[in-house]
Amino acid sequence: MLIRKPIFPGVIELNFQAGEVLGCNVYLVYDQDEWILIDIGYEETVDDFVEIIRQLDFPLSRCKTLVATHADVDHIQGLAKAKQLLKTTVTGHPKAAKPLREGDTLITLAEIEAQNLKLAMPPVEIEHEVNDGDIIKVGNLELEVWHTPGHTDSQLAFRHGDVLLSGDNIYRDGCIGAIDAHHGSDIKAFVKSLERIRDSDVKWLAPSHGPIFRNDKDFLNRTIDRVRGYLKMADFGTLADSWPLMDQWDDEVAEGKLPEGLVPPSA
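Quick note on our numbering: the sequence shown kicks off at 18 and runs consecutively.
Next up, the structure:
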C-alpha cells in the first residue's frame, strides 16, 4: 500500500502521488471511501492511474463518477476505458456531451491533419451534465462547479474551499490553454473567465497541467492584458516547439516539491 499524499484536504493529485508525470494532472477528490476523478488523461495511462488508486486503498467500487474538465483528447481519451474498468459514470458540461458521445476527433484535437497527428478518440456517454453553480458531492465534501469558457466552450473548474481546480485556464508560467477555433475557443470569454478567477478569494490554483500556484492579482492581470491583446493580433497560434514549465513540473513531482507556503494535510 502507498502512503497517501494529499495536497489539500480530500484532494490527491495522482502524478504528484506517483512521483512521476504520467500525463495531465488527475485529481482524486475523496471523503472517506467515496471518491471521484477530475480528468483521466490518455487511454494508455488509465491502468497506471487505476493501480495507484488501488495501492492508495480506495475501493474501486466507490468511484462515484469520472469528471471531464473539458473535451480535449489529452484529458479525456481514457474515459471510456476507465468508465468500463470502474463501472461508474461520466460527468461534464453539456457542450462536451456531443463530441464525447461521437468520439469527435476534430473538436477534441485528437486529429490535426496538418501536423500529421491522429489519435483514437473512443466515444463515451456523459450521464451527468453540470453547469455553473452546481455542486458535486463526494461524501460530505462539496465541489462548486464553475463554467469558465475560453480555452474551450465546455471548460469547467471546481472550487473546494481555498483551492480552485482550475483546468486549462492558466498555468504557473502565465501561459493559458491553447486557443484554437476547432475546439471552441473564445478570446473574449477567456478574458472573462480569467477575471473571475482573479477577482475571487480563492488562494490556490490547481491547474490541469503543471504545478499548483498562488492566485495573485498582479500575475493574473499580466496574463489578462496579454490575452486581451490577442483580439487585435493575427499571429497567435499553437505551434510552440516546447513548454519549459513541463520540464520544471517533472523535476518538482520527482522531488515531491510543493509551493512555498502550502502545507499539505496529513493523510
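Even glycine gets a Cβ: it sits at the ideal position worked out from N, Cα and C.
The residues Asp179, Val180, Arg231, Asn232, in chain order, have a CB closer than 8 Å to that of Lys220 in the same chain once the five nearest residues on each side in sequence are set aside. In this structure, the beta-carbon distance from Asp50 to Gly156 falls below 9 Å. Counting along the chain, the unbroken alpha helix (DSSP H) around Val270 starts and ends at 261 to 272. Ser210: member of the alpha helix (DSSP H) spanning 204 to 216, first to last residue. Contiguous alpha helix (DSSP H) elements confined to the region 77 to 139 occur at 90 to 93, 96 to 103, 111 to 119, taking only those with 4 or more residues. Secondary structure at Ala195: coil, using DSSP grouped into helix, strand and coil. The Cβ atoms of Tyr44 and Ile29 lie closer than 9 Å to each other. Under the three-state reduction of DSSP, Arg189 is assigned to coil, being neither helix nor strand. Taking a contact to require three or more Cβ pairs closer than 8 Å, the region 117 to 125 and the region 61 to 74 do not qualify as touching. With 16 or more other Cβ atoms from the protein chains shown falling within 10 Å of its own Cβ, His92 counts as buried.
In the three-state scheme derived from DSSP, where H, G and I count as helix and E and B as strand, Leu248 is classed as helix. Residue burial is scored here from C-beta neighbours: Asn238 has fewer than 16 other C-beta atoms within 10 angstroms and is therefore classed as exposed. DSSP places Ile70 inside the alpha helix (DSSP H), whose first and last residues are 63 to 72. Distance from Ile69 to Ala35 at the Cβ level is roughly 6 Å; contact confirmed, criterion being Cβ atoms closer than 8 Å.
Here DSSP, grouped into helix, strand and coil, assigns His177 to strand. Look at Glu60 here: in three-state DSSP terms it is helix. Rounded to the nearest whole angstrom, the C-alpha separation of Leu211 and His177 is 18 Å.
Your pair Val67 and Leu117 does not check out as a contact, with CB atoms roughly 20 Å apart and the cut at 8 Å. The DSSP-derived three-state label of Lys234 is helix. Under the criterion of beta carbons closer than 8 Å, Lys81 and Trp52 qualify as touching, at roughly 7 Å. The straight-line gap separating the alpha-carbon atoms of Phe25 and Leu222 is approximately 11 Å. Shortest Cα-Cα distance from Gly191 to any of Gly109, Pro111, His110, Leu262 involves Leu262. Shown here, Leu39 sits in coil according to DSSP, grouped into three states, outside any helix or strand.
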